[in-house]
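Protein chains: 2
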Amino acid sequence: MRRRDFITRLAASAGTTYAVMQALDLIEKPATAQKSPFQLQRRGGSKSIIILGAGLGGMTCAYELSKVGYQCKILEARERSGGRCWTVRTGDKFTDTLGQTQTIRFDRGLYFNPGPARIPYHHVTIDYCKELGVPLEVIVNLSRQQYIYRENAGSLSGRKVHAREAIADIRGYISELLAKAISKDAIDAPLTVEDKEKMIEFLRTYGGLNPDLFYKGSSRRGYSTYQGAGDAPGVVDDPYDLSALLELGFAGNESFEFGFNQQMTMFEPVGGMDAIAKAFEKQVGRFITYGAVVTEIRKTPDGVQILYKDKSGNVKQETADYCICNIPLSVLKDIPSDFAPDMKEAIASVEYAVTGKSALQFNRRFWEDDEDIFGGITQTDQDITQIWYPSTGYLSQKGVVLGYYNFGSTAEKVGTLAPADRVALSLEQGSKIHPQYNNHFEKGFSLFWSTVPYSIGGWAEYTTDVRTTYYPRLNQPDGNIYLCGEHLSYLTGWMAGAFESARLVSTQIATL
Amino acid sequence: MRRRDFITRLAASAGTTYAVMQALDLIEKPATAQKSPFQLQRRGGSKSIIILGAGLGGMTCAYELSKVGYQCKILEARERSGGRCWTVRTGDKFTDTLGQTQTIRFDRGLYFNPGPARIPYHHVTIDYCKELGVPLEVIVNLSRQQYIYRENAGSLSGRKVHAREAIADIRGYISELLAKAISKDAIDAPLTVEDKEKMIEFLRTYGGLNPDLFYKGSSRRGYSTYQGAGDAPGVVDDPYDLSALLELGFAGNESFEFGFNQQMTMFEPVGGMDAIAKAFEKQVGRFITYGAVVTEIRKTPDGVQILYKDKSGNVKQETADYCICNIPLSVLKDIPSDFAPDMKEAIASVEYAVTGKSALQFNRRFWEDDEDIFGGITQTDQDITQIWYPSTGYLSQKGVVLGYYNFGSTAEKVGTLAPADRVALSLEQGSKIHPQYNNHFEKGFSLFWSTVPYSIGGWAEYTTDVRTTYYPRLNQPDGNIYLCGEHLSYLTGWMAGAFESARLVSTQIATL
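So the sequence lines, in the order shown, correspond to chains A and B. The first sequence: position 264 = 264 (UniProt numbering), numbered continuously. The second sequence: position 377 = 377 (UniProt numbering), numbered continuously.
Below, the structure is given as structure tokens:
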């Protein structure tokens, strides 16, 4: 049973959430208990709630609270729901804060998720997909056929190294070195004789070592000529030099998929990530006012007052007992409000990830046809950083590849280019890895999250200091105003962060 | 470009296959050349070919050779095509060689692949799926949430160890030990100072080490209480003891997915493996006579003569210019024939894998609902050896789990039980890992390949001796009779072995 289920179930019935949370560390996790569905207890009656933002957090609050009788209204600045949970398809238009407009012209049936694109197996996101009937398919977050391609990495520079080659080789060398050190008793660790023997045995298998404990290559790294019928046992090339592999410096690439949020099994909704947003919209769409740009957030003696501009530019207002503010802090900090000074300081303290993506439609799936790559992510030290191959539409004719996905100063550098230039950069750098880019490119799209209206950044990025100093304040209501969203969680950048926050805030309000 | 494409293309135009194969080691593999489709050259005209067995190998021969004008007939002992490429569904009946009959009663829409169940990304199987329009989905061959569950493994015996926990911990300890040995200059290897620094840096990331190069656990092993919103940073448990991990002895479990044929990305056809057989049947079904049990294989002065019993038990005969014999050697060795003595000896020399599987339908996907397991394989030292969770129908109500998949003496032991007892064993042992088995089991099915009529074994298993001594002979025609199948390849046990063999044999015949 998940912590969150305990929290929310107990919190809903037993009072304050924080006390319950503290108690929870004492509760042991049962091995295979059936999870309880999240269910607020009816308590607050028909109080009114104004929710700012129809992203996943805001819609989840409306979904959960309206189920138990709260009167919910949602104001959404965009003309659509979902916020960063977003999929672009042909005909869609996107204009950034600099006024640069792109019209998406992918073929019908093709799409791209500019925001979140993966769902880890252990996230609450999956529970909501089940509850709301969103079909999922596996997103291949690692494919052993994907490349590590570096331009500044010693002797393997400019070489398309398959992940499986580098991985098999480095594990082989690590195992060889350690097994030999152990067998020579050069290890200064409290290992019994039996432990040492078992460790060497482990390393022999783990590394694919020969009887003398040398790593001399292995079919794990693949065949340069494949195995086949008749006289075709396959040819395995010699491993890369250890020095060359160390220069390649791919530890981060390899261990990327060790992370708890990046491990297989990962999912994506069939047909695009916005299937999740649409599923919520189906439940709470009747509460949403689109094109409503919040201009002021005010406290009243017994509730809240929100001013917003509607589609026609007219200023309107809503009042309610409570406000759940799902607006990213990067936007919220510039909205006039009655937040207390310490809350304003906390809101302004959180940095947002600088990140961008591009999408490239090709008229032939050459990565599959020519290179046996099905899903997965090629990693490069070029500005584009990553190339994602689609995990959908296998063996079909066309496909949309993620042409870059970068962060930080690289993203800033690329993001400040005009959209067409970003696409051109994706093509230029990507074509070093896939020369087929030049013959098969059809259409592109790119965005830089720092210039996406009403988002202004990728996701909340907490330094340890900000997490310690300001995060607790952000999690406390200010009067009757509760903040909500991925930024109010330890799962920043994940849709699950928004869901968890929405469940927590909903529980807090429902237990008042 | 793949070796097999070179082989078949060159062989088809340039004469004998073996000479070409030898020459091929001189040809360098282009980085991203477009693959040529396999295409026989029209040459033999309208010679007649009798094919024994409508498995994948036999049907592929008929498909490729009929395209270029050969007259093909296929005799198939079963009432269906596909051989071991097989899917069972409700209403299907299966009777083994001991006369034990099972009627499959899975719910409509649920199914089970008793034979091959996975397709590696680099196999020719995928090319045929593309050519014949067989939709594929990812089969999750590794899920970090799957368990390692051992009953005789020291202090972790009887504990459901998540793969990610064991993997994160052992990589951590390996990295710690090696990094320390290197930093103490205890490694006897030609590493420069710079190499050593880079190696330690690599291990720091690879193992998730702390600044002092100790492994003290990591979120990679998962959280005992998950990260969430508000005051929920997640709780990471201490790692398992290194000694305990070594006793667990899971090197084989972990490195299983390092193998070139087991790496991600892997596929399965949507709706069942027999979609591949059906796709070929659509192409060549008109050539197939079902229920035709071959009783004699004879040479004639200018061709071949085949005697068989038809459905009514009448002996019939077919003559042709050539015979392609796709019958497993385990069956073929007992069919009266005119094979030369050395060929008969070779046929009788090859052992077949002893292996079996069971399938269990549950009325609730508790592995998903309760345990966050989506696909993947739990490994155990019990007789059942493996539990496979379905990689299809995620988040739906019911599912079919593979209850055991074992080999060798364990398979022999389980396989000799009555089918119902094998299912009972799957339940009894599996319920130690998933107590939910007891409440949610509905229907089972099991088979033991040694008692599957017309297969009599899993797949060809070559010892090095047999491969050296007899395999070359099996690959040479005996008169006008050519053997074909997975057993004539280095991809034994894989459908690709049958496809590669069929392409090779077809090429040999077409270039005569």
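Ideal placement from N, C-alpha and C gives every residue a C-beta, glycine not left out.
- Chain B places a beta carbon closer than 8 angstroms to that of His122 of chain A, counting this residue as a contact.
- The segment 306-324 of chain A makes contact with the segment 289-298 of chain A: 3 or more CB pairs, one atom from each, lie closer than 8 angstroms.
- With the rule of 3 Cβ pairs closer than 8 angstroms, the segment 473-489 of chain A counts as touching the segment 220-239 of chain B.
- With respect to Lys196 of chain B, Ile182 of chain B sits close: the two C-beta atoms are nearer than 8 angstroms.
- Thr97 of chain B is classed as exposed because its beta carbon has fewer than 16 other beta carbons within 10 Å across all chains shown.
- Chain B places a beta carbon closer than 8 angstroms to that of Lys35 of chain A, counting this residue as a contact.
- Using a Cβ-Cβ distance cut-off of 8 angstroms, the segment 241-248 of chain A and the segment 142-159 of chain A are in contact, since at least three pairs of beta carbons, one from each stretch, lie closer than that value.
- In the DSSP secondary-structure assignment, Trp388 of chain A is bridged to A:Ile377 and A:Leu402.
- Just measuring C-alpha positions, the residue of A:Pro419, A:Thr60, A:Tyr223 and A:Leu242 sitting nearest Val235 of chain A is A:Tyr223.
- The beta-bridge partner set that DSSP reports for Gln102 of chain A consists of A:Phe94.
- Within the segment 127-184 of chain B, the complete alpha helix (DSSP H) segments of 4 residues or longer fall at 163-183, listed in chain order.
- In chain order, Thr319 place their CB closer than 8 angstroms to the CB of Thr300 of chain A, counting only its own chain and leaving out the 5 sequence neighbours on each side.
- The way I'd put it, the segment 359-372 of chain B doesn't touch the segment 493-509 of chain B; fewer than three beta-carbon pairs between them come closer than 8 angstroms.
- Short of 7 angstroms from the beta carbon of Arg42 of chain A, and not among the five residues preceding or following it, lie these beta carbons of its own chain, in chain order: Val68 and Gly69.
- Listed in chain order, the alpha helix (DSSP H) runs fully inside the segment 250-327 of chain A are 251-255 and 274-284, counting runs of at least 4 residues.
- Within chain A, the C-beta atoms nearer than 8 angstroms to that of Leu142 of chain B come from Met264, in chain order.
- Taking 8 angstroms as the cut-off, the beta carbon of Tyr352 of chain A is found no closer than this to the beta carbon of Ser337 of chain A.
- If you draw a straight line from the Cα of Pro477 of chain A to the Cα of Tyr454 of chain A, it is about 22 angstroms long.
- Boundaries cannot be given for Ala186 of chain A, as no beta strand (DSSP E) includes it and DSSP labels it neither H nor E.
- In this structure, the CA atom of Val88 of chain B is about 14 angstroms from the CA atom of Pro269 of chain B.
- Secondary structure in the segment 413-475 of chain A: the alpha helix (DSSP H) runs of 4 residues or longer, each lying completely within the stretch, are 419-433, 437-440, 464-469 and 471-474 in chain order.
- Taking all protein chains shown into account, Gly272 of chain A has 16 or more neighbouring C-beta atoms within 10 Å of its C-beta and is therefore buried.
- Relative to Thr385 of chain B, the option among B:Phe112, B:Tyr404 and B:Asp370 whose CA is nearest is B:Tyr404.
- When DSSP reads this structure, Pro120 of chain A sits in a beta bridge with A:Met266.
- Exclusion of the five residues before and after Leu136 of chain B leaves Ile119, Ile126, Cys129, Phe267, Glu268, Pro269 and Val270 as the residues of its chain whose Cβ lies within less than 8 angstroms of its Cβ.
- The beta carbon of Ala181 of chain B sits closer than 8 angstroms to some beta carbon of chain A.
- Using a Cβ-Cβ cut-off of 8 angstroms, Ser255 of chain B counts as an interface residue toward chain A, since at least one Cβ of chain A sits closer than that to its own.
- Contact check for Phe280 of chain A and Leu56 of chain A: beta-carbon distance about 7 angstroms, within the 8 angstroms limit, so the pair qualifies.
- Looking at B:Leu447, B:Asn113, B:Ile347 and B:Thr507, the one whose alpha-carbon comes closest to that of Tyr470 of chain B is B:Ile347.
- Residue contact with chain B for Gln283 of chain A: absent (no Cβ-Cβ distance below 8 angstroms to any residue of chain B).
- For Ser426 of chain A, not one C-beta of chain B is nearer than 8 angstroms to its own C-beta.
- Residue pairing by DSSP places Ile74 of chain B opposite B:Ile51 and B:Ile288 in a beta bridge.
- No Cβ-Cβ contact shorter than 8 angstroms links Gly115 of chain A with Asn326 of chain A.
- By the Cβ neighbour-count rule, Asn406 of chain B is buried, with 16 or more other Cβ atoms within 10 Å of its own.
- About 6 angstroms separates the Cβ atoms of Met264 of chain A and Asn141 of chain A, confirming a contact at the 8 angstroms cut-off.
- Lys67 of chain A carries a helical assignment under DSSP once its states are collapsed to helix, strand and coil.
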